[in-house]
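Residues 16 to 199 in our numbering are what the sequence shown lists, from first letter to last.
Every residue gets a Cβ at the ideal spot worked out from N, C-alpha and C, and that includes glycine.
Computed from a prediction, not measured in an experiment: that's the story for all the values here.
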Amino acid sequence: MKNIGIPHYITLTIHSFLSNRTFSVNVNSHHSNPRPIVAGLPQRSLLSSTLFNIYVAGLPTLNSIKIAQFANDTYVFFSGPELNRIRNTMQLYLNLVDSWAAKLKIQLNPSKTAAKIFSLRPYTSPTPLTLNNETINWHSPSSPIKYLGLNLDTKLNWKKHIQIKVNQAKLKLMQLKPIINRNS
């Protein structure tokens, strides 16, 4: 925080906010002894998202890579005419991010990492990507990917998203029918 010009008194206040925190576990009527929290930010705190964004502000960049971040979700975009070049650039970037995260002691979760190709032309998926020595397969052309609540399909049209939202609305309506029928 000092490096980005946050005044010392605010840094001390935030240090106090993050220091000497504990947790305990409650299962049925059994309570564990309090244990110290040695890393992380309080969940649901208004300040936590901002602090996290300050902490990860040094995310590596490549000239051709575009990055979008929202809280702790990061989306990486790259475009090009050749799928193998796109794949190799994405793998290079994942390697950079993996090294950067290790320095910050951030554990990236490959199971929450997804790869998707957006194209109007048919394509064959390139070799899978890897992160933390785990494979990240490319989503199939028929499988949408979620981006901040939007379901994006391969051709970036709204058909799949609208279909999913209509089905969700129908399900909610079915759940409400017992309380909004004619006799209620």
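Could you name the residues of the same chain whose beta carbon sits closer than 8 Å to that of residue i, not counting the 5 residues immediately before and after it, in chain order?
i: Q106; result: L144 and T145
i: G95; result: S79, I101 and T104
Straight-line CA distance for residue i to residue j?
i: I177; j: Y70; result: 36 Å
i: W153; j: Y108; result: 16 Å
i: A130; j: I151; result: 7 Å
i: L33; j: K187; result: 40 Å
i: S39; j: E97; result: 52 Å
i: N35; j: R50; result: 10 Å
i: K17; j: R59; result: 25 Å
i: S63; j: I29; result: 10 Å
i: A72; j: D113; result: 15 Å
i: L167; j: T76; result: 24 Å
Would you identify the three-state DSSP class for residue i, choosing helix, strand or coil?
i: V91; result: strand
i: W115; result: helix
i: H23; result: helix
i: F38; result: strand
i: P51; result: strand
i: N103; result: helix
i: I179; result: helix
i: K185; result: helix
i: L74; result: coil
i: L135; result: coil
i: T145; result: strand
i: L167; result: strand
Quick one: what's residue i bridged to in DSSP?
i: I121; result: Answer is none; I121 lacks a bridge partner.
i: K81; result: F92
i: W3; result: This structure cannot settle anything about residue 3, because the visible part of the chain is limited to 16 through 199.
i: N198; result: Answer by DSSP bridge pairing: none, since N198 is not bridged.
i: N172; result: BP columns for N172 are empty, so no partner.
i: Y162; result: L165
Kindly list the residues whose CB is nearer than 6 Å to the CB of residue i, restricted to its own chain and excluding five residues on each side of it in sequence; keep chain order.
i: L66; result: L56
i: T128; result: L146 and I151
i: K175; result: P159, N166 and D168
i: P141; result: L98, N99 and R102
Among residues of its own chain, excluding the 5 on either side of residue i, which ones have a beta-carbon nearer than 7 Å to its beta-carbon?
i: P125; result: L146, N147, E149 and I151
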